[in-house]
Structure formats: C-alpha cells, structure tokens
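Q:
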Amino acid sequence: MEPDLAALSFEPLTPVSYLDRAAAAHGDRTAVVDGDQRWTYAELHDRCRRLAGALAPLAQGRPVAVLAPNTHVLLEANYGVPWAGVPLVAVNTRLSAGEVAYILEHSEASVLVHDPAFDELVGKALTQLGSPPRVVRAGPGDDGEYEALLAGATPQAITPDDERSLLSINYTSGTTGRPKGVMYHHRGAYLQALAMVGHTGLTPSAVHLWTLPMFHCNGWCFPWAVTAAAATHVCLPKVDPSEVWRLITQEGVTHLNGAPTVLSMLAYAPEAKTYQPDPAAPPIRVATGGAPPSPAILRRMGELGIEVTHLYGLTETFGPAMICDWRPEWNGLDAEAQARLKARQGVGNMIACQARVIGEDGSDVPADGATIGQIALRGNNVMLGYLKDPEATRAAAPDGWFRTGDLGVVHPDGYVELRDRSKDVIISGGENIASVEVEQVIAEHPAVLEVAVIAVPDERWGEVPAAYVTLHDGAEATEAEIIDHVRERLARFKAPKSVVFGELPKTSTGKIQKFVLRDRAWEGSERRIQ
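For the sequence shown, counting from 1, position 212 maps to 212 in the UniProt record's numbering; every step adds exactly one.
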C-alpha cells in the first residue's frame, strides 16, 4: 500500500529550532557566559521565549532592531525576535546617528532594543525620524528594564510557515552610497549554521568566544551554529587582546572567529609571548575572513598552536560561502608552502552553496591558476534580495548566480584564490597589478602589521600602486625598505611607488576601507578609478 504523503508533516527549517533541541538534550549545561553571568540552555530557552512574548505585541508584525555589542542581549535577540514572528535587524554599533536613523526608517523597525551605552547615539537618531520606534533599554545601566520585561512576559514561539520567509535584515557596510538591506531567510540560516558546525568542528565540549561582531551577517550564523552543537557562547563586548587571552586561558576557549586584523592583535599581544599551549590539547580553531590573511600572520598563529581556517563570503551569502578546506597530504609541506595554501579562499559546494569563477560571457574559466574571472555564487545561503530594491537585486544575480564583484582564479585542484576586487585592480601603463598580491608580499616584512595597496594618480602611467602601512609597535621601516622588499619578490612594476605609514581606516568588522584611501588620493584629480 502506498503511503499517504499528504498525511506526513514536514516542518519548515528555521535556525531557532536549534535552541529547542539544545534545551531538551543539554538543558543543564552552560549555554552562555557573559562577564560574571551564566545561563544554562534551559534558562536561555526560557529567556528567549519570554523575549518573544514581550516583543510580539510591541512589534505588531514589523521588524525589531537591536543595537548592542556582543552581549547576551544580542544573542537572545537572535532567537527571541524570530520567535516573536518578525525579522531581526542587528545594527552596527559603530555607525553614526544619521546612519542608524536611516536603517531604522528603511527597515520600518517597530522596536529598538539598545544597550544603555548607546543612549546618546539613539537619542540623536530618533530626533531624525518622523515615526520613531518603541525603545527598550537592555544591558548594564538599564535600571532593570530588560529583566523586568522578560519576567513579566508569557513565553511564546511563533514558527514560520514558509522556511524561505524573512528571518533577518543585514545592512551592508555602505562603502559606496546608502547601505543595502540584505534579506536572510530561515532555510538559509539553518543550513549555513549546520555548515559552520561541520566545517569548524563545533561539539558540545566546544567553547566559542565572540570576537566576531554578532551584528555582522548575524555573526556568520554562529549564534545558531554554536547552539546547534550545544557548545558554550562566551560573550565579549569589545575585542581587547589581553581580555581575549585571559578568556582563552580561564574559560578554555576552543573556537573564535574574526578578520585578519583580529588575528594580528592577538598574535602580537604581550600575552602571546608567554602563552604556552597544552601539547595534549587540540589546537584552538580560528575561522578568519573579510580579507585574505597574509602567509606571515598564518605562520605566526601556527607558532602559537592556533589552527586558522580561511573562509570567504559576503553579507549577501550569510557570511562564509567558501572554505579553504585543509588536505592531509599538505601536512608534509614546509611552513611557507602551507601558509600560502591556507591563504587561498578555498572551495565552494559547502552544505548550502555552490561557487564558480566565470568570464565575461558567463562561462567557467579554465582551472589553470592563471585565468582571472569573477566569483559567482548560488545556493541556499544566498540572500532573498535587497530590501525595497528589486533593481539592485536583479543586477546582482542576472542569471540566478550572484556576482560577488571579486576577481579570482581556479587552481587545478579546484581551489579558488582571490586576485582582487574588480574595482581594486590597478592598471598601470597597460599592466594589471593585483593589489592583494602586493599586500601579501609587504605583509611578509617583519616590521609590518597591516597594509593596504591602492591605485593613485600618476602623470606618466595614469595610475600606480601606493602602499599604506601600519607597523608593529616599536618597529621601524622606511619607504625605501618596503619598496625594495617588494622589488626583490615581484616584478618591479608591481612595487609601490610610495609608502604612507600610519593607522588604516576600517569598517566595524575590521575590513580596511580602501575607498577612504582612494577618496583622499584622487581628490581633485581628473581621472578617478571606480
């Protein structure tokens, strides 16, 4: 007899269901550490459902925005807001009042939950809105408002009927023009979280330190991934290298994520000089993304017994879309060769995503490690689209494949390596120069902490590469030394024609803002690279 398929019940996929499972199977184990506060998974489950019960009548079906650092408040919002039946808008904590106001208005947020540390910022933002959202203060100094809200609420959980319904809205960095609202769906976040569990080796014994902002791509979906593994979340409101090293030692941290700038901070902190990893313990696992990590920083982390995995992705892909999966046969290579392999972006076909490198005609480039094309992605962890911007959505994926704007090559082993952002290619005297290649060579200099290379105007060549360099504390290097360092390793035309020393402008997620450097360099020039 054929089964009655119509009688079978299929539950839509949603990442918040991971907390149901963790509470049922690991309810008595520690879920969250936030300063001197600790909650079990059973307690976290109750708190998030109470938050949902409190927010649902306030939200009235519209998004809830949260402006908070990496505290239990933002972590709880990743469950409580969807369970209230509305999308979450996690707001970048380093934005200006005008930018915050724009996001609140554009997303039509009904409620703003914010840490009291941002009272002044929120006050300025709200004055710019004709219909400001309801405000809830939550965090140290809130006079008990948040805890009272939870205590007085009836627990509830609204689950989606459609797994591709709107889960959250993440706003891009806004490096050009107004930030776009990237729409995430429940199915994509569920599968992305599952991919992160598998690819980073999260288990119930894992301890995840929140060095990556939870507002950035919903923390690469790790608020749900860590819970899916029933591991422990260790909240960290601000990345302070000394505090990170203290937590690594005292809380037994096994996993953390962050941009290469975070790795630099940790690798060269005073505490790193005295850190002695337990040879019997597995290495700390670090996932990094946002920019290609230099072989130099990868080697330094290896010396500390920290295993670094390079991930590649964008806001539009729920965070990571490719991983530099390590192959056992590479273990026999020397340290320099291993570091260079680890700096590649890796392979697609993760649990939720496919990746290609395509030419201008949309066909795959040959896997020869030399032919450059644009990286294109498709899969369950590609956004629904840009909020209220169908034209930009169509332009981003004209044939169903999302165009990243990043240029790369495919090696014979199938691994993709980023060559540049399409807008970052330097064309000097007819020669193409990949700024990433130059940056990685400069990063090898022992005095260099961070570097960015851009095109600057030149009367003879049209444009030439210029390097902007931050040195290690106490280190010294001259412009001539940096230029000679590059000339010894690359073709002479690739060497920067000038070197500027100082602090580099960055986004809140640690990415170097090359557009700021470009704006300064090209101000008043007739030609302007785009």
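Note that the Cβ used here is the ideal one computed from N, Cα and C, for glycine as well.
It should be emphasised that the depicted structure is a prediction, and the values quoted were computed from it without experimental measurement.
Give the range of the beta strand (DSSP E) segment to which F515 is assigned.
A: Along the sequence shown, one-based indexing puts residue 515 at 515. Here F515 belongs to no beta strand (DSSP E); instead the alpha helix (DSSP H) covers 514-522.
Q: Please classify L449 as buried or exposed, where buried requires at least 16 other C-beta atoms within 10 Å of its C-beta.
A: For this step, residue 449 is matched to residue 449 along the sequence shown. So L449 counts as buried.
Q: With a Cβ-Cβ cutoff of 7 Å, do S435 and V453 count as a contact?
A: Sequence index remark: in the sequence shown, residue 435 carries index 435 (1-based). Sequence index remark: in the sequence shown, residue 453 carries index 453 (1-based). The answer is yes: Cβ separation under 7 Å.
Q: In whole angstroms, what is the alpha-carbon distance linking P63 and W83?
A: For the purposes of this step, residue 63 is taken as residue 63 along the sequence shown, with counting starting at 1. For the purposes of this step, residue 83 is taken as residue 83 along the sequence shown, with counting starting at 1. Cα-Cα distance, rounded: 12 Å.
Q: For R419, does the count of other Cβ atoms within 10 angstroms reach 16, so buried, or fall short, so exposed?
A: Position 419 of the sequence shown, counting from 1, holds the residue named residue 419. Looking at its Cβ environment, which holds 16 or more other Cβ atoms inside 10 Å, R419 is buried.
Q: So who's on the other strand from W39, going by DSSP bridges?
A: Here residue 39 is taken as the residue at index 39 of the sequence shown, counted from 1. For W39, which the question treats as bridged, DSSP gives the partners V32.
Q: Which residues share a DSSP beta bridge with H208?
A: Here residue 208 is taken as the residue at index 208 of the sequence shown, counted from 1. H233, H255, per the DSSP bridge assignment.
Q: Would you give the residue range spanned by the alpha helix (DSSP H) that P295 belongs to?
A: For the purposes of this step, residue 295 is taken as residue 295 along the sequence shown, with counting starting at 1. It spans 295-303 - the alpha helix (DSSP H) in which P295 sits, taken as one unbroken run.
Q: Return the residue from the list P57, G61, P12, H72 that minimises the CA-CA distance to T40.
A: By one-based count along the sequence shown, residue 40 stands at place 40. It is H72 whose Cα lies nearest to the Cα of T40.
Q: Can you say whether L298 is buried or exposed, counting buried as having 16 or more other CB atoms within 10 angstroms of its CB?
A: The sequence position of residue 298 within the sequence shown is 298, counting from 1. It counts as buried.
Q: Can you tell me the Cα-Cα spacing of A466 and L212, whole angstroms?
A: Along the sequence shown, read from residue 1 onward, the residue named residue 466 stands at position 466. Along the sequence shown, read from residue 1 onward, the residue named residue 212 stands at position 212. A466 and L212: Cα-Cα distance of roughly 30 Å.
Q: Would V91 pass as a contact of V113 if the rule is Cβ separation under 7 Å?
A: Counted from its first residue, the sequence shown places residue 91 at position 91. Counted from its first residue, the sequence shown places residue 113 at position 113. Cβ distance not < 7 Å, so V91 and V113 don't count as in contact.
Q: Looking at W401: is its Cβ nearer than 7 Å to the Cβ of A370?
A: The sequence position of residue 401 within the sequence shown is 401, counting from 1. The sequence position of residue 370 within the sequence shown is 370, counting from 1. No, Cβ-Cβ distance for W401 and A370 is not below 7 Å.
Q: Just how far apart, CA to CA, sit H445 and P283?
A: Within the sequence shown, numbered from 1, the residue matching residue 445 stands at position 445. Within the sequence shown, numbered from 1, the residue matching residue 283 stands at position 283. One C-alpha to the other measures close to 27 Å.
Q: Pick out the complete beta strand (DSSP E) segments inside the stretch 463-497, 3 residues or longer, and give them in chain order.
A: Counting only runs of 3 or more residues that sit fully inside the stretch 463-497, no beta strand (DSSP E) segment turns up.
Q: Let me know if T203 comes out buried or exposed under the rule of 16 or more other beta-carbons within 10 Å of its beta-carbon.
A: Along the sequence shown, one-based indexing puts residue 203 at 203. When all chains shown are included, T203 counts as exposed.
Q: Sorted by chain position, which residues of the same chain lie with C-beta nearer than 6 Å to T154's C-beta, five sequence neighbours on each side aside?
A: Stepping through the sequence shown from its first residue, residue 154 is reached at position 154. Hits under 6 Å: G53.
Q: Reducing DSSP to helix, strand and coil, say where P179 ends up.
A: In the sequence shown, counting from the first residue as 1, residue 179 sits at position 179. In this structure, P179 counts as coil in the three-state DSSP scheme.
Q: Could you tell me which residues DSSP pairs with E329 in its beta bridges?
A: If you number the sequence shown from 1, residue 329 lands on position 329. Per DSSP, none; premise fails for E329.
Q: On the DSSP letters alone, give me the boundaries of the alpha helix (DSSP H) that D119 sits inside.
A: Taking the first residue of the sequence shown as 1, we reach residue 119 at position 119. Its alpha helix (DSSP H) spans residues 119-126.
Q: With a threshold of 16 other CB atoms inside 10 Å of the CB of N257, please say whether the residue is buried or exposed.
A: Stepping through the sequence shown from its first residue, residue 257 is reached at position 257. So N257 counts as buried.
Q: At the level of alpha carbons, what is the spacing between P179 and E105?
A: The sequence position of residue 179 within the sequence shown is 179, counting from 1. The sequence position of residue 105 within the sequence shown is 105, counting from 1. Taking the straight line from one Cα to the other gives about 12 Å.
Q: What residue does the alpha helix (DSSP H) around R340 start on, and which one ends it?
A: Taking the sequence shown and counting its residues from 1, the one referred to as residue 340 is at position 340. Note, R340: alpha helix (DSSP H), 335-342.
Q: From the DSSP secondary-structure annotation, give me the bridge partner or partners of L88.
A: Here the question's residue 88 lines up with position 88 in the sequence shown. L88 is bridged to V64, S168.
Q: If you draw a straight line from the C-alpha of I529 to the C-alpha of Q513, how long is it?
A: As a working note, residue 529 is residue 529 in the sequence shown. As a working note, residue 513 is residue 513 in the sequence shown. The pLDDT assigned to I529 is 36, lower than 50, so where the model puts this residue is not dependable; a value taken from the coordinates is nonetheless given after this. Distance between the alpha carbons of I529 and Q513 is about 15 Å.
Q: With V86 and S107 assumed to form a contact (beta carbons below 8 Å), what rounded beta-carbon distance in angstroms separates them?
A: The residue given as residue 86 occupies position 86 in the sequence shown. The residue given as residue 107 occupies position 107 in the sequence shown. That pair is no contact at about 11 Å.
Q: Among I483, E463, A397, which residue has its Cα nearest to the Cα of V438?
A: Numbered from its first residue, the sequence shown carries residue 438 at position 438. V438 has its Cα closest to that of I483, out of I483, E463, A397.
Q: Near T176, which residues of its chain fall below 6 Å by C-beta distance, leaving aside the five closest residues on each side in sequence?
A: Walking along the sequence shown from the start, residue 176 turns up at place 176. Summary for T176: the model assigns pLDDT 46, below 50, so the residue's position carries little reliability; its value from the coordinates is reported in the next sentence. Once the five neighbours on either side are set aside, T176 has no close Cβ partner at all.
Q: Rounded to a whole number of angstroms, what is the C-alpha to C-alpha distance between A230 and W210?
A: The sequence position of residue 230 within the sequence shown is 230, counting from 1. The sequence position of residue 210 within the sequence shown is 210, counting from 1. One C-alpha to the other measures close to 15 Å.
Q: What three-state label does DSSP hand G174 in the structure shown?
A: Locating residue 174 in the sequence shown gives position 174, counting from the first residue. Confidence at G174 is low in this model, with a pLDDT of 48, below 50, so the placement of that residue should be treated as unreliable; the coordinate-derived value is given next. G174 falls in the coil class under three-state DSSP.
Q: Rounded to the nearest angstrom, what separates Y102 and V33 at their Cα positions?
A: Working through the sequence shown from its first residue, we reach residue 102 at position 102. Working through the sequence shown from its first residue, we reach residue 33 at position 33. So the alpha carbons of these two residues sit roughly 33 Å apart.
Q: Let me make sure I understand the geometry here. Which of A392, E99, T317, L341 has the alpha-carbon closest to that of P328?
A: Position 328 of the sequence shown, counted from the start, is the residue given in the question as residue 328. Of A392, E99, T317, L341, the residue nearest in Cα terms is L341.
Q: Excluding the 5 residues flanking W245 on each side, which residues of the same chain have their C-beta closer than 8 Å to its C-beta?
A: As a working note, residue 245 is residue 245 in the sequence shown. Excluding residues within five positions, the ones whose Cβ falls inside 8 Å are L266, A269, E271, A272, Y275.
Q: I need the DSSP call for S525, collapsed to helix, strand or coil.
A: Sequence index remark: in the sequence shown, residue 525 carries index 525 (1-based). DSSP places S525 in coil when its eight states are reduced to three.
Q: Using only alpha-carbon positions, find the residue among G379, G35, S294 that is nearest to G188.
A: For the purposes of this step, residue 188 is identified with residue 188 of the sequence shown, where counting begins at 1. Considering only alpha carbons, the answer is G379.
Q: Need the endpoints of the alpha helix (DSSP H) that E450 sits in, please.
A: Within the sequence shown, the letter at position 450 stands for residue 450. Judged by DSSP secondary structure, E450 falls outside any alpha helix (DSSP H) and instead within the beta strand (DSSP E) spanning 448-458.
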